[in-house]
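Asks:
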Amino acid sequence: MQFSTDERFAKQLDAEDPLRGFRDKFHLPLGKDGKPVIYFAGNSLGLMPKPARAVVDEELDNWARLGVDAHHATGTPWYTYHEPLREPTARLVGAKPIEVICMNSLTVNLHLMLATFYRPAKSRFKILMEDPAFPSDTYAIKTQIVHHGLDPKDALMLARPRQGEFTVRNEDIVDLIEKNRDQLAVVMIGAVNFFTGQLHDIEKITTAAQKHGSHRQRPAVTA
Ligand SMILES: Cc1ncc(COP(=O)(O)O)c(C=O)c1O
1381 MQFSTDERFA KQLDAEDPLR GFRDKFHLPL GKDGKPVIYF AGNSLGLMPK PARAVVDEEL
1441 DNWARLGVDA HHATGTPWYT YHEPLREPTA RLVGAKPIEV ICMNSLTVNL HLMLATFYRP
1501 AKSRFKILME DPAFPSDTYA IKTQIVHHGL DPKDALMLAR PRQGEFTVRN EDIVDLIEKN
1561 RDQLAVVMIG AVNFFTGQLH DIEKITTAAQ KHGSHRQRPA VTA
């Protein structure tokens, strides 16, 4: 296949795309010209799936009918909602069911994870993350650093794209890990960068981070 940037080639790829039918499963906002927009904000609030309204309505009906008993009494009890989601979520992210849980917002979960993983010591206190990272991720990390009485200027290290490049090289992340191996407490890299779509080599980064330090002291890695 000869790649080309012209419209005809884009339309041909669309026509051949085996996933193209999924487009019809979502509501697409209309642009100023009245045509459905091309939607690139999937990392943030994704498009509304067409069945979503009926699913939400069902829970509202349960609430109206049962009040507080809807926590336990319906076909979709709210109290244990995370349990039926565990297996499909594990499949989605390629993890074991015991390793995943659906709960809270992403930022709340980051704080909870860091409450466990970020235990800065006098010598091992740095956090490594990528730049650009989602703004609220950066605020959460800075909040944690300040919470421990440290200064983000000393404790936060950013892996940036090289001059003239748009994505962070995995080897540069590994290099920063190596150079800071005795001071590194946490490595936090989004597996898929929200801005560039870059897929990081999480296995390589995790291996580099976990190579250093004793089991109790080695840097925690979150992706
Ligand atoms: C990479 C990333 N981090 C953090 C957030 C914020 O998530 P929440 O509002 O659930 O805290 C988002 C939301 O789009 C995100 O894409």
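Following the numbering used here, the numbering of the sequence shown begins with 1381 at its first residue and continues without gaps.
We put the beta carbon where it would ideally sit given N, CA and C, even for glycine.
Here the structure is a predicted model, which means the values were calculated and not measured.
1) Kindly provide the chain-ordered list of residues whose Cβ lies closer than 6 Å to any non-hydrogen atom of ligand 1.
2) May I ask you to report which of helix, strand or coil DSSP gives residue 1545?
3) Among the candidates 1568, 1440 and 1576, whose CA atom is the shortest distance from the CA of residue 1493?
4) Just tell me which of 1515, 1557, 1538 and 1544 has its CA closest to the CA of residue 1574.
5) Three Cβ pairs or more, each shorter than 8 Å: is that satisfied between the segment 1585-1593 and the segment 1553-1566?
6) Just confirm the distance between the C-beta atoms of residue 1577 and residue 1513, as a whole number of angstroms; I'd bet it's less than 8 Å.
7) Tell me whether residue 1459 is buried or exposed, calling it buried when 16 or more other Cβ atoms sit within 10 Å of its Cβ.
8) Is the CB-CB distance between residue 1416 and residue 1410 below 8 Å?
9) Alpha carbon to alpha carbon, how far is residue 1430 from residue 1438? Give it in angstroms, no decimals.
10) Which value, in whole angstroms, describes the spacing of the CA atoms of residue 1597 and residue 1471?
11) For residue 1549 and residue 1542, what's the separation of their Cα atoms in angstroms?
12) Go ahead and label residue 1500 buried or exposed: buried means 16 or more other beta carbons lie within 10 angstroms of its beta carbon, across all protein chains shown.
13) Can you name the start and end residues of the alpha helix (DSSP H) that residue 1465 belongs to?
Replies: The answer reads as follows:
1) 1423, 1424, 1485, 1486, 1487, 1514, 1516, 1517, 1570 and 1574
2) On the sequence shown, position 165 is the one that residue 1545 refers to. Reduced to three states, the DSSP call for residue 1545 is coil.
3) Residue numbering aside, residue 1493 sits at position 113 when the sequence shown is read from its first letter. Nearest option by C-alpha distance: 1568.
4) Counting from one through the sequence shown, the residue named residue 1574 turns up at place 194. Checked all of 1515, 1557, 1538 and 1544; the closest Cα to residue 1574 is 1515.
5) yes
6) Looking up residue 1577 in the sequence shown gives position 197. Looking up residue 1513 in the sequence shown gives position 133. 14 Å between Cβ atoms; not a contact.
7) Counted from its first residue, the sequence shown places residue 1459 at position 79. Counting every other CB atom within 10 Å of its CB across the protein chains shown gives residue 1459 a total below 16, marking it as exposed.
8) Position 36 of the sequence shown holds residue 1416. Position 30 of the sequence shown holds residue 1410. Yes, they are a contact pair.
9) By 1-based counting over the sequence shown, the position of residue 1438 is 58. By 1-based counting over the sequence shown, the position of residue 1430 is 50. C-alpha separation (whole angstroms): 14 Å.
10) If you number the sequence shown from 1, residue 1597 lands on position 217. If you number the sequence shown from 1, residue 1471 lands on position 91. Because residue 1597 sits at a pLDDT of 47, beneath the cut-off of 50, its placement in the model cannot be relied upon, and the following sentence gives the value as read from the coordinates. Distance between the alpha carbons of residue 1597 and residue 1471 is about 31 Å.
11) Here residue 1549 refers to the residue found at position 169 when the sequence shown is read from its first residue. Here residue 1542 refers to the residue found at position 162 when the sequence shown is read from its first residue. Cα-Cα distance, rounded: 8 Å.
12) For the purposes of this step, residue 1500 is identified with residue 120 of the sequence shown, where counting begins at 1. Result: buried.
13) Position 85 of the sequence shown, counted from the start, is the residue given in the question as residue 1465. From DSSP, the alpha helix (DSSP H) with residue 1465 extends over 1462-1473.
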